[in-house]
Each structure stands twice: as C-alpha cells, then as structure tokens.
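Residue 705 is where the sequence shown starts when you use our numbering, and the numbers rise one by one after that.
Report on the following structure.
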Amino acid sequence: MQATLPIDAVLNAIAKADRLLVTAHARPDGDAVGSVLACWMMLQQMGKHADMALSDRVPRIYRSLPCASQVRHWSRVEGDYDTAILLECDGIARTSLDGLENRFLINIDHHTSGRAFANVNWIDSSACAVAELVYQLAGGAGIAITPEISTCLYTAMLSDTGSFCYEGTDAHTFELARNLVGHGADPVLIAQDVYFSNPASKMLLLGAALANLHLDGRLAWLWVSANDMDRTRAAEEDCEGIVNYAIGIGGIEVAVFLRELRGERVRLSLRSKGQVNVATIAERFGGGGHENASGCTLEGTLPIAMEQILAQLRSEMAAASVHGAP
Ligand SMILES: [Mn+2]
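As structure tokens, this is what we get:
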C-alpha cells in the first residue's frame, strides 16, 4: 500500500477541521503574506470558518493585496480554532504567536531548514515559494483559482524568487507564473505595487546602509544602527532587500546586512551566490532559511555581532575555498 502523500495528509486534516487559523513567520515577507492570503481564500471557498493572523503588521507594499486588511495583527491566538496552518515556520516560536501550543498544527514549508514539528508536515524544499505548495493544495482541493488568489500567489513567488533571479528558478517556476497570469494575476500592476511604491524612508535608510558598506575579498557587509533607523524614520520592513545591494556587487560571493535592534540584539540577513551555504550558518545562531538566503538574530552589541558573523563567514569561505580579491 502506498504511503499517504504529504499534500493528501494536509487536505485530509483540512477536511476534518472546523475552525482554522492561517499564519506564517514573524516579519512576514511577500511569500508569507501572499501565501497566507491565498490559503485563507482557498479555505473560504471550501466553506471553512477561517481567520488569518500574523504577529507583525503586513508590510506596506503588500497591503494592497486582496483581503490584506483582514489579516489580524496579534501577539496571542484567542478563539476556539481547532486547527492552525503554519506557513514557512520551523516551529511554533517562528510565528511569535502565543496560544498555538495545544491546537492541531499543519506545517507547510519550503525551507531547507524546515522541521517536522507539527501534527501534519509538508516540507518541500524544491518549491520556489511556499506559494507553489498553496497552489498545489488549491488544485488538490479542487477550488477555483480566482484572480485574487492568483494575485496573491504571483506576488509571493515574485518576491521569493527575487523576481525570477534566484537559484532554483527554472522552467517549472515560469510555468507556475504563466498559470497564475492565466488565472488573472496582472504582472505589471503587481510589479508596480511591489517595486515602484517604496516609501522615501526606505531610500534614506538604504543610503545610510550603503555609507556603511565594507568589502574584504569576496565578502561584503553593511549595517544600519538603531540611530540610523530613527533618523531616517524607517520601519523595520524598510530593511528588506538592502542586503541584495551588497551581494549584487561583482566578485562578491557572500554578503551580510546587520541591523541594530533595541536591547543589544542584532538582526542579520545573509546572502550567498552559491559556494557557501548560509542557511547552515544562520541555523547555528538559531535562525534559518535557504542555502543562498537566510537570517538570524544575535545577542550583543553591533560590533560584537559583526565580529562573530564575519569570523564565521570567513571560516566557511575558507573551507569552501572562496578566496582572493573580487
Ligand atoms: Mn518563502
């Protein structure tokens, strides 16, 4: 007898559920937001009672997505949800939501650092975005892929593939994009919302970060202090993508962006062009992600965090024989 496929286990669990909550990781990115919205719309079509909640607000650039205003901004789950669907989380803690502990949990993830922590787990690191798994789920559930669902899933995959640039982007990725556009996603409007609607604070913060850009061989790093954040009136979400300016330099193989948080903590975004696995490094510090894009939070001051991560990266680069000037 054939073992139950993970997607079927998820569909079975949804079929049995009465009241569902859909959530994703804290500091949600485009994939997390778009996939939560699409998953929720799918559940609505299935006639389920479902809500969406995130521990952080939906980033501005994703607030124009269909139904984005219905995402609840919670720190604790209240309500008699019998089942919660967690997207892109390697554990309950990643949601930063309290009150999930005693519920039936469904985990859907595409990170290489994914863990089978839930009652039902579907982890497929070959998917370009968790949106791809939600799309498959919608297909499996036999629901109609509406223009609203397509818009959310296309936005999610656009952001998670780095506009179809990251490792793993292949014919299959474009096939999915083609299907979503066929179902009503408008790639021009979505690109305008995601890439041409930046608040001025984001550009001012980028300027501050680039003033702190440092290069050493094939390694690049840059940072912003808590003071930079205040001075530019930047929001946390304005930091998204800054690391790409460092990894975008010719000859650079590994890059890190550091952001000083209140209370002697530092948030790190790591990027690699492929020779060094930055997911492993992030995991060492309690974070996670993909081989080429990951993140973690370090305890300590900005200079100490910088020293720690640069030492780790230099030793990993030496081990991977990434040497020399760019
Ligand atoms: Mn993702």
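Beta carbons: idealized from backbone N, C-alpha and C, even for Gly.
Within the chosen limit of 7 Å, ligand 1 reaches the beta carbon of aspartate 735 through at least one heavy atom. Within the segment 734 to 766, the complete alpha helix (DSSP H) segments at least 4 residues long are 734 to 749, listed from N- to C-terminus. In the three-state reduction of the DSSP assignment, threonine 859 falls in the helix class. Checking the 7 Å criterion, the Cβ of aspartate 794 is out of range of every heavy atom belonging to ligand 1. Distance check between serine 973 and each of Gly990, His887, Thr873 places Gly990 closest, using alpha-carbon atoms only. In this structure, the CA atom of leucine 837 is about 22 Å from the CA atom of glutamine 774.
Inside the segment 815 to 840, DSSP marks no whole alpha helix (DSSP H) run of 4 or more residues.
Shortest gap from the CB of histidine 729 to any heavy atom of ligand 1: 7 Å or more.
In the DSSP assignment, the residues bridged to isoleucine 810 are Ile789, Val824. A direct Cα-to-Cα measurement between alanine 717 and alanine 797 gives close to 22 Å. Between the alpha carbons of leucine 884 and isoleucine 849 lies a distance of about 8 Å. In the DSSP assignment, serine 976 falls within the unbroken beta strand (DSSP E) covering 969 to 976.
The beta carbon of isoleucine 711 sits closer than 7 Å to those of Trp826, Gln840, Leu841, Gly844, all from its chain and outside the five residues before and after it, given in chain order.
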